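Positions in the sequence shown are counted from 1; adding 392 to them yields the numbering used here. Heads up, the beta-carbon is just placed ideally off N, CA and C, and yes, glycines get one too. Since the model is a prediction, treat every value here as computed from it, not as a measurement.
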Amino acid sequence: MMKRRPEVVRKDGEHPIELNVNPRAIVLGLVILLAVLWFVRGGPAYTVAPDEEGVVLTFGKYTKTAQPGFHLKWPWPIQTVETPKVTETKRLEFGFRSVTRGGSTTYTSFDGNSEMLHEARMLTGDENVVDCSMVVQFYIRDSLEYLFNFRPGDVESALRDVGEAALRQAVGDHPIDDVLTRNKFQVQDEIKQKMQELADLYKMGVTIGQVQLQDVQPPSEVANAFKQVASAREEREQIINVAQAYAREAVPKAEGEAARVKLEADAYKEARVAEAQGAVSRFLAIAKEYKSSPEVTRTRMYLEALEEVLPKMKLTVVDKEAGIVNLKALGGGGVSASPGVARRGEQP
């Protein structure tokens, strides 16, 4: 006896609707659904790439961390695996955005973009306004903190807020010249240190690799005034450099001249001292001779004085009590003595 197909009678009673149920289609659909759940949502095998870590969850609870390679697990929904890229350098952009299309990268700056201008514009320590764009590079240090302390995607958002706060604090602690030129690297280091402190405080599980200030400039409304100030500073630095170069050249010359004058003064002093010491020695010798033979010494000194005062004169010295006696030649001229004759001067 054949079974009749079930009929469904419509409420209006016009035409019955027959339900055709195919058991094979139902079985096939179940098989396909199980295959999708098994292999697509996580089958018994999984692979961790070299730049990843495998975080295994059992019913949503952390079980273990798998290293790169091929591994087995219980299928979904018993176990699932998260594979964050722990060696990949991630990037955050502040005050600008980069877009890569077809292998080429284009950049959109804060000029004309109010949202990015709000990120970039800030106040310096000397109450000047400056527009800063910045790049922050970071990587995952702790997979568990990175995955479970924040909702998916919220780590980058929180880190962006941290980076903006650190940027504003560092720029606000320095005058505009430090941010523009002189201490730019110091400002970058302060931003990096502050971001790392806040990331560790909130347990984001990341390490700040590098912070780099990109485009730092005054607002366009006052850009010309800043250019004039910068030109004046460059001129000042040029004048200072010229003066320092002149000083490097003039100071050694002055030092050499001073050393020469000092040496001459020392030599003159030594000569004067030696001359004085010689005069003292001569005086002492004469005094000694005078003490032993006063008359002879006095006569000799008188003749030596005449020789010094009148070196080219020919004199005749007369001694009333003596005959003609040759005494001494003065200045190359002969000196003779005749009784009662004096040609120039007379010595009694």
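Which residue marks the beginning of the beta strand (DSSP E) containing residue i, and which one marks its end?
i, result
"T500", "496–500"
"T573", "Where T573 is concerned, there is no enclosing beta strand (DSSP E), given that its DSSP letter is neither H nor E."
"A441", "First-last for A441: undefined, no H or E at that position."
"Y694", "That residue, Y694, is in no beta strand (DSSP E); its alpha helix (DSSP H) goes 686–701."
"E485", "482–486"
"E474", "471–474"
"K465", "Segment: none, K465 is in no beta strand (DSSP E) and carries neither H nor E."
"D523", "521–532"
"R493", "489–493"
"T457", "453–458"
If I'm right that residue i touches residue j with Cβ under 8 Å, what's the distance once you round it to whole angstroms?
i, j, result
"L605", "Q580", "6 Å"
"G517", "G564", "6 Å"
"M508", "R493", "That belief does not hold up - the Cβ atoms of M508 and R493 are roughly 19 Å apart, past 8 Å."
Any idea if residue i is buried or exposed, counting beta-carbon neighbours within 10 angstroms, 16 or more meaning buried?
i, result
"E445", "buried"
"E627", "exposed"
"H510", "exposed"
"A651", "exposed"
"M693", "exposed"
"E556", "buried"
"S506", "exposed"
"Q630", "exposed"
"F530", "buried"
Confirm, please, whether the CB-CB distance from residue j to residue i is below 8 Å.
i, j, result
"L551", "M596", "yes"
"Q561", "K586", "yes"
"V598", "R533", "yes"
"V522", "P610", "yes"
"L572", "V608", "yes"
"P476", "L539", "yes"
"S525", "F502", "yes"
"R473", "T457", "Position check: residue 473 holds Val in this sequence, whereas Arg was assumed. Their beta carbons are not under 8 Å apart, which means V473 does not touch T457 by this criterion."
"D443", "V478", "yes"
Span of the alpha helix (DSSP H) holding residue i?
i, result
"Y538", "535–540"
"R560", "546–564"
"E507", "506–512"
Confirm the yes/no value for this check: CB of residue i, any heavy atom of the ligand NAP, distance under 7 Å.
i, result
"T691", "Looking at this structure, you won't find the ligand NAP or any other ligand, since it has none at all."
Practice task
Pick out the complete alpha helix (DSSP H) segments inside the segment 577–611, 4 residues or longer, and give them in chain order.
Solution key: As far as the segment 577–611 is concerned, it has no whole alpha helix (DSSP H) run of at least 4 residues.
Exercise for the section: Go through the segment 640–670 residue by residue and report every complete run of the beta strand (DSSP E) that reaches 3 residues or more, in order. Expected result: none
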